[in-house]
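For what it's worth, full-length UniProt numbering labels the leading residue of the sequence shown as 1, then goes sequentially. All remarks here apply to the structure that follows.
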Amino acid sequence: MRELSPSARLVLEIISERKIVKFKDLKEITGLSTRTLRYAIKDLKDKGLIKVLPCLEDAREKLYAVSEIEECYKLSD
Numbered sequence: 001m002r003e004l005s006p007s008a009r010l011v012l013e014i015i016s017e018r019k020i021v022k023f024k025d026l027k028e029i030t031g032l033s034t035r036t037l038r039y040a041i042k043d044l045k046d047k048g049l050i051k052v053l054p055c056l057e058d059a060r061e062k063l064y065a066v067s068e069i070e071e072c073y074k075l076s077d
């Protein structure tokens, strides 16, 4: 995890605590700029640490979860 930027570590910590988080909630909690947050999410996604899931309430939004959570999310559908 040393390869991660401080912002990516922060985002991963929050996603790990909350299990599934919307982008706007991540932005509010972290206080990161949109650009920095998007970069952190991309880095975490590319490393396979998080997954992007569709938001069933609003198709325009995305949910972010730690990789293992995805399987539980699929089972609940």
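Note that the Cβ used here is the ideal one computed from N, Cα and C, for glycine as well.
Determine the DSSP secondary structure at Ala65, reduced to helix, strand or coil. Counted from its first residue, the sequence shown places residue 65 at position 65. Strand, per DSSP.
Going straight from the alpha carbon of Arg9 to that of Lys22, what length do you get? Counting from 1 along the sequence shown, the entry for residue 9 is found at position 9. Counting from 1 along the sequence shown, the entry for residue 22 is found at position 22. Each residue's alpha carbon lies about 17 Å from the other.
When we look at the beta-carbon of Val52 and count the other beta-carbons within 10 Å, is it buried (16 or more) or exposed? Within the sequence shown, numbered from 1, the residue matching residue 52 stands at position 52. Val52 is exposed by the Cβ-count criterion.
Mind pulling the beta strand (DSSP E) runs of 3 or more residues that sit fully within the segment 22 to 66? 50 to 54 and 62 to 66
Exposure of Ala65, with buried meaning 16 or more beta-carbon neighbours within 10 Å: As a working note, residue 65 is residue 65 in the sequence shown. Buried, since its Cβ has 16 or more Cβ neighbours within 10 Å.
Ile14 - partner residues in DSSP beta bridges: To locate residue 14, count along the sequence shown from 1; it is residue 14. In the DSSP assignment, no residue is bridged to Ile14.
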